[in-house]
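**Student:** Let me give you the structure first, and then I'll get to my questions.
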Amino acid sequence: MTAKLTIVVVEPDRDRAIGIVDALRDAGDYDVHVIGSTSGLARKVAAHAPDVVLIDIDNPTRDMLEELTLASGPLDRPVAMFVSGPAGDLSQAAIEAGLSAYVVDGLRPERLKPVMDTAIARFRMMRRMRTELAETRRALEERKVIDRAKGMLMKARGIGEDEAYALLRKTAMDQGRRVAEVAEALMTASGLLR
Amino acid sequence: MKTVTLSVAYVPLVDAAPLIIAQEMGFAEAEGITLDLIAAPSWSSVRDMLAFGRVDAAHLLSPVPVAMALGLGGVTVPLSAVSVLSVNGDVIGVSSALADRLRETGYGFDFADPVAAARALAGVAGKRMVFGVPFPFSMHVELLRYWFESTDLSGRTIEIRTVPPPLMAQALAEGDIDAFCVGEPWGSVAVDQGAGALLLPGKAIWSFAPEKVLAVRTDWAETEPHLLGRLMRAIWNAGRWLARPESRTATAELLARPEWLDVAPELIDRSLTGHFTVTAQGEMRDVDGFLEFHDGAATFPWRSQAKWIARRLALANGLPADSVTRAGAVFRSDLYRQHMSGTDADLPGASEKLEGSIRVPMAVSSEKGHLSLLPDAFFDGRIFDPSASD
Chain Z
12 MTAKLTIVVV
22 EPDRDRAIGI
32 VDALRDAGDY
42 DVHVIGSTSG
52 LARKVAAHAP
62 DVVLIDIDNP
72 TRDMLEELTL
82 ASGPLDRPVA
92 MFVSGPAGDL
102 SQAAIEAGLS
112 AYVVDGLRPE
122 RLKPVMDTAI
132 ARFRMMRRMR
142 TELAETRRAL
152 EERKVIDRAK
162 GMLMKARGIG
172 EDEAYALLRK
182 TAMDQGRRVA
192 EVAEALMTAS
202 GLLR
Chain B
67 MKTVTLSVAY
77 VPLVDAAPLI
87 IAQEMGFAEA
97 EGITLDLIAA
107 PSWSSVRDML
117 AFGRVDAAHL
127 LSPVPVAMAL
137 GLGGVTVPLS
147 AVSVLSVNGD
157 VIGVSSALAD
167 RLRETGYGFD
177 FADPVAAARA
187 LAGVAGKRMV
197 FGVPFPFSMH
207 VELLRYWFES
217 TDLSGRTIEI
227 RTVPPPLMAQ
237 ALAEGDIDAF
247 CVGEPWGSVA
257 VDQGAGALLL
267 PGKAIWSFAP
277 EKVLAVRTDW
287 AETEPHLLGR
297 LMRAIWNAGR
307 WLARPESRTA
317 TAELLARPEW
327 LDVAPELIDR
337 SLTGHFTVTA
347 QGEMRDVDGF
357 LEFHDGAATF
367 PWRSQAKWIA
377 RRLALANGLP
387 ADSVTRAGAV
397 FRSDLYRQHM
407 SGTDADLPGA
417 SEKLEGSIRV
427 PMAVSSEKGH
437 LSLLPDAFFD
447 GRIFDPSASD
């Protein structure tokens, strides 16, 4: 019988970390550890002697893990970002999903694949949620600016709300810009003139 | 005109300027390309985005493609360094605690003499010191090791630890590290935050050190020669523009913007002009040629530079000497010649030089006959012969 795979997840956000751990535990019998704080990161990771290390590609502390790829220290088993052979496609999929993985050299692909498939799916989902959140936030902010610009036009020109919005929209269409951009420009200009 | 979009990964640093300027000042457009510049949070992320095809080209630490060719660091996709983006530009600094002790001994923070700086530091440092650097494969590490081994710091217990540059000042303030070697603006940020003081510019150790390179996948260079040529020429023109003193103010203002470096233009100005504030007390020091983008054939990828890096990496990691020649070939002086001939760039007659042998600006044979190389000496006077086999 082969020993359980040990997986270390580096993720400072607690909710995200729990999500990843749950997904991995559902996928198989793994020994999963989470490291949240980053001081002495490489040392902390090495202490678990992991087979696989998972970290968000956008995590700026990721470079600290590169030290693990130099074969030395308590781990004494080189950890590589897997690239060649059947893992090549996996690498590409992982990077597109926003995940980077470090894997102990010599780990058999058939043991690695289910871990990576699960992690990739999870990271893809988190990335999508993040993008959606950013878009929602932006839409909200744009609405706020448009509302303020409308209010300003209504007061300055003594027109109704619908008319103010129509004016913004017409200006945007004439200039080939978005309504939010025109509203933003109006706010900036009025700020300067005040 | 319809342009082709090329994606390029970079780390937000002053020495990413040639890429940013190429896009912002129209040099890319003049070549019929648009640069989609993707800021990366770490060097490993830049390397992986390039290696796995997420981007076409990258701003990369010069030792990274060399290390990859030596099989170090896990990722082994063949990369080509087609030009040097910047020469020099690092600073070495210490924590405020060490700076105070140095001051008590009468050290003058000359920001110039590596031997005196090492002697002073060895006199006040504790049993062991931790130096922060941005990445395990970097000019920062190579300069530090070279400095340690030829000065009073040799034989000391010094640990070199990776710390992301934006976190360097904080790591220093919290005592995680005692000293650092980092690219600007992060050294100046540490001084401004009162976390530390600057000891030396990188060029005090090696006066013409290739710092960042423009890297592409070797197979991409072969399948897209026309795009590569346009990219290289756009960036070369940006470097020439950057080298003009009258461009400095505009450069600092532009790089300072939130979408690029998002730091005060005054901090960026220091590395462009070479006028540094080295201590929290506001002491000023000047460095000539602190950061080169163009002069002295700065962008030419000398194979001897790659071989020097390969030799140092091979020694540090116990690799055989014959790997050095192979790894030296990742600096593609051949592609540089191919794509830059017929432009304003003057090409040197040779592709290797005796690194460290130039003490004063020296005219050399070149295609157009008006090329002068800048001093490339090491502080200890050693000379590296790329063809010597040992």
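Protein chains in written order, with my numbering: chain Z, 12 to 205; chain B, 67 to 456. Ideal Cβ positions, reconstructed from N, Cα and C, are used throughout, including at glycine.
1) Less than 8 Å between the CB atoms is what I'm expecting for K269(B) and D81(B), so what's the real figure, rounded?
2) Could you name the residues of chain B that L81(Z) contacts, counting a contact when the two beta carbons are closer than 9 Å?
3) Can we count E277(B) as close to the ligand PLP, meaning its CB is less than 7 Å from some heavy atom?
4) Label Q186(Z) either buried or exposed according to how many other C-beta atoms from any shown protein chain fall within 10 Å of its C-beta, with 16 as the threshold for buried.
5) Under 7 Å Cβ to Cβ from T17(Z), same chain only, skipping five residues before and after it: list those, please.
6) For the beta strand (DSSP E) containing K278(B), name the first residue and the last one.
7) What residues are listed by DSSP as bridge partners for E170(B)?
8) Please report the distance separating the alpha-carbon of L151(Z) from that of I157(Z).
9) Check whether chain B comes within 8 Å of D74(Z), counting only Cβ atoms and requiring the distance to be less than that.
10) Could you tell me the alpha carbon to alpha carbon distance between D335(B) and L264(B), rounded to whole angstroms?
11) Considering only C-alpha positions, which residue in the set D285(B), E421(B) and W374(B) is nearest to T391(B)?
12) Do F274(B) and V153(B) count as a contact pair if the criterion is CB distance below 8 Å?
13) Along the stretch 159-176 of chain B, where does the CB come closer than 8 Å to a CB of chain Z? Name the residues.
14) CB L462(B) to CB A83(B), shorter than 8 Å?
15) Checking 8 Å against the spacing of the C-beta atoms, do L413(B) and I449(B) come in under that value?
16) According to DSSP, which residues form a beta bridge with G249(B)?
17) Take I238(Z) and list the residues in its own chain whose beta-carbon comes closer than 6 Å to its own, dropping the five residues that flank it on each side.
18) Any contact of the stretch 372-388 of chain B with the stretch 133-143 of chain B, i.e. 3+ C-beta pairs under 8 Å?
19) What are the residues in the stretch 15-38 of chain Z lying within 7 Å of chain B by C-beta distance?
20) How far does the alpha helix (DSSP H) with M91(B) in it reach, from first residue to last?
21) What are the residues in the stretch 96-123 of chain B lying within 8 Å of chain Z by C-beta distance?
22) Between the alpha carbons of L145(B) and T284(B), how many angstroms are there, rounded?
23) Who are the neighbours of D69(Z) on chain B, taking C-beta pairs under 8 Å?
24) Starting from the beta carbon of P232(B), find every residue of chain Z whose beta carbon is closer than 8 Å, and list them in chain order.
25) Note the first and the last residue of the continuous alpha helix (DSSP H) segment covering S201(Z).
26) Taking C-beta pairs closer than 7 Å, name the residues in chain B that S50(Z) reaches, listed in chain order.
27) By Cβ distance, which residues of its chain are closer than 7 Å to K27(Z), with the 5 residues on each side in sequence left out?
28) Just to confirm the assignment, what range does the beta strand (DSSP E) spanning P291(B) have?
29) Give, in chain order, every residue of the stretch 317-347 of chain B whose Cβ lies closer than 9 Å to some Cβ of chain Z.
30) Identify whether W109(B) lies in helix, strand or coil by the three-state DSSP scheme.
31) Among R314(B), W326(B), L327(B) and H292(B), which has the Cα closest to the Cα of G98(B)?
32) If we cut at 8 Å on Cβ distances, does E78(Z) have a partner in chain B?
33) Taking the C-alpha atoms as reference points, what is the distance between V112(B) and E77(Z)?
34) Below 8 Å between beta carbons: does that hold for A261(B) and R222(B)?
35) Which residue or residues does DSSP assign as beta-bridge partners of E225(B)?
36) Please list the terminal residues of the continuous beta strand (DSSP E) segment that includes R351(B).
**Tutor:** In terms of the structure at hand:
1) Not quite, the Cβ-Cβ distance comes to about 13 Å (not below 8 Å), so this is no contact.
2) Neighbours of L81(Z) in chain B, taken as residues whose beta carbon is under 9 Å from its own, are L138, G139, P202 and N383 in chain order.
3) By its list of ligands, the structure shown contains no ligand whatsoever, and the ligand PLP lies outside what it can speak to.
4) exposed
5) D42, H59, A60, P61 and D62
6) P276 to R283
7) For E170(B), DSSP records no beta bridge to any residue.
8) L151(Z) and I157(Z): Cα-Cα distance of roughly 10 Å.
9) yes
10) 16 Å
11) W374(B)
12) Yes, the Cβ-Cβ distance between V153(B) and F274(B) is below 8 Å.
13) none
14) This structure leaves residue 462(B) out entirely; chain B is present only between 67 and 456.
15) no
16) D156(B)
17) This structure cannot speak to residue 238(Z), because chain Z is shown only from 12 to 205.
18) yes
19) none
20) Per DSSP, M91(B) belongs to no alpha helix (DSSP H) and is neither H nor E.
21) P107, S108, W109, S110, S111, D114, M115, A117, F118, G119 and R120
22) 5 Å
23) P107 and S111
24) Ordered by position in chain Z, the residues that pass the 8 Å Cβ test against P232(B) are P71.
25) V190 to L204
26) D242
27) Sequence check: residue 27(Z) is Arg here, not Lys. If we look at R27(Z) and ignore the five residues flanking it on each side, its Cβ neighbours are M137.
28) Segment P291 to L308 is the alpha helix (DSSP H) holding P291(B); no beta strand (DSSP E) there.
29) none
30) helix
31) The shortest CA-to-CA distance from G98(B) to any of R314(B), W326(B), L327(B) and H292(B) is the one to H292(B).
32) For E78(Z), the nearest CB of chain B lies under 8 Å from its own CB, placing it at the interface with that chain.
33) 13 Å
34) no
35) V196(B)
36) M350 to D352
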